[in-house]
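Novice:
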Amino acid sequence: MAIKNNVTRLLESKGIQYQTHELPEIKFGAVEVAQILGVAPESVFKTIVATRIERGKAILGVVPAPTELDLKALAKAVGEKKVRLAKHAEAEQLTGLQTGGISALALLQKPFEVVLDASVQDLDLIYISAAQRGLQVSLSPEDFVALSQAKIAAITR
Numbered sequence: 064m065a066i067k068n069n070v071t072r073l074l075e076s077k078g079i080q081y082q083t084h085e086l087p088e089i090k091f092g093a094v095e096v097a098q099i100l101g102v103a104p105e106s107v108f109k110t111i112v113a114t115r116i117e118r119g120k121a122i123l124g125v126v127p128a129p130t131e132l133d134l135k136a137l138a139k140a141v142g143e144k145k146v147r148l149a150k151h152a153e154a155e156q157l158t159g160l161q162t163g164g165i166s167a168l169a170l171l172q173k174p175f176e177v178v179l180d181a182s183v184q185d186l187d188l189i190y191i192s193a194a195q196r197g198l199q200v201s202l203s204p205e206d207f208v209a210l211s212q213a214k215i216a217a218i219t220r
C-alpha cells in the first residue's frame, strides 16, 4: 500500500497522476536517490532554500540532482540583486521540514517563491521529495508547475 501524506493527498485531491517511490528513511543526496530508483539523475529534482538579502519571501530553487544552484541566476529570476543559500538549520526552520525532505508541494500555503530549472522542459516525468525522507513522488513537470506556480528559469551551473 502506498504511503499517504499531505503531498500525496494534495495530488489526489487535484486529480493529478503520480507515483510514490519509497526509500530507506535516511538522508540521501539527490544523485543517490536517482541511483536507488534506477532513473536518470537529471530527472530527480532537489529543493534548495534561498533567502533574499533584504526582507521578503524565501525562495525555493528546484534543480536537477547532478547540478548546483546558481545564486546569481536565481536572484535574476526573482528580480533581486543578490540571494543567499539558507543554512540547513535555517532551511528547516523556514519550511518546517527536514533537509532531505523539503518539497515545494508541501509548502504551497506558505509564502515561498518557487523557481524550477529550465532543464525540466526536456522531461516527461520528474521525481521530487514528497516532504519526508524516504518518500519521493514522480509526476509530470506540467502538473508540478501548475500546482506550485513555479517560475521556469535557467538557475543551474
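If you count by our numbering, then the sequence shown holds residues 64 to 220, one letter each, in order.
C-beta: ideal position from N, C-alpha, C; glycine also.
1) Run through DSSP, which three-state label would PRO127 get?
2) Assuming TYR81 contacts LEU171 (C-beta within less than 8 Å), just tell me the rounded distance between them.
3) Tell me the DSSP bridge mates of ASP180?
4) Would you decide whether LEU188 is buried or exposed? Buried here means 16 or more other CB atoms lie within 10 Å of its CB.
5) By DSSP's criteria, ARG115 is part of a beta bridge. Which residues make up the other side?
6) For ARG220 and GLU131, which I take to be in contact (beta-carbon distance under 8 Å), what is that distance rounded to the nearest angstrom?
7) Near ILE218, what residues of its chain come up, given a Cβ to Cβ distance below 7 Å and the 5 sequence neighbours on each side ignored?
8) Just reading off the beta strand (DSSP E) that LYS105 is part of, what are its end residues?
9) Taking the Cβ atom as the reference point for each residue, do GLY163 and GLU85 lie within a distance shorter than 8 Å?
10) Buried or exposed: PRO87, going by 16 or more other Cβ atoms within 10 Å of its Cβ?
11) Which value, in whole angstroms, describes the spacing of the CA atoms of VAL183 and PRO204?
12) Can you tell me which of ILE66, LEU148, PHE207 and ALA169 puts its alpha carbon nearest to the alpha carbon of ILE116?
13) Can you give the Cα-Cα distance for ALA93 and PHE108, rounded to whole angstroms?
14) Are ALA193 and THR71 closer than 8 Å when you measure CB to CB?
15) Taking all protein chains shown into account, do 16 or more other C-beta atoms lie within 10 angstroms of the C-beta of ALA128, making it buried, or fewer, making it exposed?
16) First and last residue of the beta strand (DSSP E) that includes ALA167?
17) I'd like to confirm the pairing. Which residues does DSSP put opposite HIS84 in its beta bridges?
Specialist: According to the structure data:
1) strand
2) Not confirmed; about 15 Å, so no contact.
3) ALA216
4) exposed
5) For ARG115, which the question treats as bridged, DSSP gives the partners VAL146.
6) 6 Å
7) GLY124, VAL126, LEU132, ASP133, ALA136, LEU137, ALA140, VAL178 and ASP180
8) A small correction: the amino acid at residue 105 is Glu; Lys does not occupy that position in the sequence shown. Following the DSSP letters along the chain, one finds GLU105 in no beta strand (DSSP E), marked with neither H nor E.
9) no
10) exposed
11) 7 Å
12) LEU148
13) When rounded, the distance between both Cα atoms is 7 Å.
14) yes
15) buried
16) Where ALA167 is concerned, there is no enclosing beta strand (DSSP E), given that its DSSP letter is neither H nor E.
17) For HIS84, which the question treats as bridged, DSSP gives the partners GLN199.
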